[in-house]
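Below is one structure, written out as structure tokens, with a few remarks after it.
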Amino acid sequence: MEAEKLKILFVINPKSGTQSKTDWHSGITNYFKNFQHTIELFSITGKNDADSLKSKINGFNPDRVVAVGGDGTVAMVAQQLLRSKMAIGIIPAGSANGMAAELNIPTGIDAALNVVVNGEVRPGDAIQVNNKDICLHLSDLGINAQIVKYFEEGSLRGKLGYAKVLIKALVRKRQMNVVIQTKEEEIRREAFMVVLANASKYGTGALINPEGNLYDGVFEVVIVKKLALSEFVKMFFKFKRLDPKKVEIFHAKSVAIETSHRVHFQIDGQYKGRVNHLNAKILPSVLNFVLPRR
């Protein structure tokens, strides 16, 4: 039986990922030939995308808005849909598809489109950072954000490109003194990395937060206190969790973080520069995710 008639807006990032020859327009329109749903395809250009998308959403008033791209595209779409009745779907098309993996979205275009049309809608959380930015997935201070910076600046992609920047970052790694203030306590630690985790794993598949849950009304703060090349290889290439003796995890609804010096910072795979303080709080059930039916 066909699902209810839907109005669906597809937001396509033609520069996402390494599959530059994929014709998303044709794949999407071919899938819907035998359906009565109303669809619109909207390609972003890299110039005033947020404003253009907002106007498109207001004019079309869709039931579902689908990000066709990587985590950056998903984050941009999500920003427009906060506290909206419209649901966000994902077609994984980027070099990093962490949110799609977290939500168990299949990688094949027809299978992913089937989720968009027939999937269930479930309210999920987001983290607000510095009272403006939205983190759906994972943000961090320290060495991983440094790796993100090097990866963005480099020309080599894939695992080889990642391995190259990983070694570069490990050679240059520097420990930070960090103060984390919650409503209940003040935590002082020496760390190589502090993660604000709404989810469990990075787009590479690396498991950083086994307790990650997008629907529980809290996020986790993951403090990586000790770090070696072997640990990063285990996490990012073998998809195993870090040694629990070298990591500390606690739940929070809000935090304020201060570091001893300016450190690299990233949100959902987007490098944000160097910071020495930030605040973050959970926004419970502010997005409606389209998920595979349980």
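10 is the number of the first residue of the sequence shown in our numbering; add one for each residue after it. By construction, the Cβ of each residue, glycine as well, lies at the ideal position given by its N, Cα and C atoms.
Backbone secondary structure at residue i - three-state DSSP
i      : result
Lys182 : coil
Ala208 : coil
His34  : helix
Gln190 : strand
Lys24  : coil
Gly81  : helix
Val295 : strand
Gly133 : strand
Gly306 : As displayed, the chain neither begins before 10 nor continues past 303, which places residue 306 out of reach and without an answer.
Met10  : Because the pLDDT at Met10 is just 39, under 50, the model does not fix this residue reliably, and the value given afterwards should be weighed accordingly. Looking at Met10 - three-state DSSP - the assignment turns out to be coil, as it is neither helix nor strand.
Phe69  : helix
Lys63  : helix
Asn43  : helix
Environment of residue i [buried if 16+ CB atoms lie within 10 Å]
i      : result
Lys158 : buried
His273 : buried
His146 : buried
Lys63  : exposed
Glu229 : buried
Tyr211 : buried
Arg73  : buried
Thr116 : exposed
Gly304 : Outside the shown range of the chain, which is 10 to 303, sits residue 304, and nothing can be said about it.
Cβ neighbours of residue i in the same chain (closer than 6 Å, five flanking residues each side left out)
i      : result
Glu267 : Val188 and His286
Lys30  : Note on Lys30: pLDDT 49, under 50, position unreliable in the model; the coordinate value appears next. The answer is none, since no qualifying residue turns up.
Lys290 : Gln137 and Ser263
Glu257 : Ile232
Val284 : Phe274
Lys16  : Thr47, Pro71 and Asp72
Close beta carbons around residue i, own chain, < 7 Å, minus the five adjacent residues each side
i      : result
Pro23  : Ser52
Tyr2   : Any answer about residue 2 is impossible in this case: the structure gives the chain only from 10 up to 303.
His260 : Val227 and Glu229
Residues of its chain near residue i, where Cβ-Cβ distance is below 8 Å and the 5 sequence neighbours each way are ignored
i      : result
Gly128 : Gly98, Val299, Leu300, Pro301 and Arg302
Ala59  : Met85, Gln88 and Gln89
Lys14  : Gln45, His46 and Thr47
Asp277 : Asp80, Gly81, Val83, Ala84, Gly107, Met108, Cys144, Leu145, His146, Leu147 and Ser148
Thr38  : Ile48 and Leu50
Range of the contiguous beta strand (DSSP E) that encloses residue i
i      : result
Ser327 : One cannot answer for residue 327 here, as it falls past the ends of the chain, which runs 10 to 303.
Gly55  : Taken as a continuous stretch (DSSP letters only), Gly55 belongs to no beta strand (DSSP E), as it is neither H nor E.
Gly98  : Ala96 to Pro101
Ile143 : Asp142 to Cys144
Residue i, enclosing alpha helix (DSSP H) - first and last residue
i      : result
Leu122 : Ile118 to Asn127
Tyr224 : Premise fails: Tyr224 is in no alpha helix (DSSP H) and is neither H nor E.
Asn153 : Ile152 to Glu162
Glu199 : Per DSSP, Glu199 belongs to no alpha helix (DSSP H); it is in the beta strand (DSSP E), Glu195 to Ala200.
Glu111 : Gly107 to Glu111
Closest Cα partner of residue i within the set the options
i      : options                           : result
Asn288 : Glu199, Asn140 and Tyr280         : Asn140
Ile217 : Ile100, Gly107 and Thr82          : Gly107
Ala109 : Asp60, Lys254 and Leu223          : Leu223
Asp225 : Leu205, Ser294, Ile276 and Gly278 : Ser294
Lys82  : Phe19, Arg197 and Asn297          : First, the amino acid is wrong: residue 82 is Thr here, not Lys. Checked all of Phe19, Arg197 and Asn297; the closest Cα to Thr82 is Phe19.
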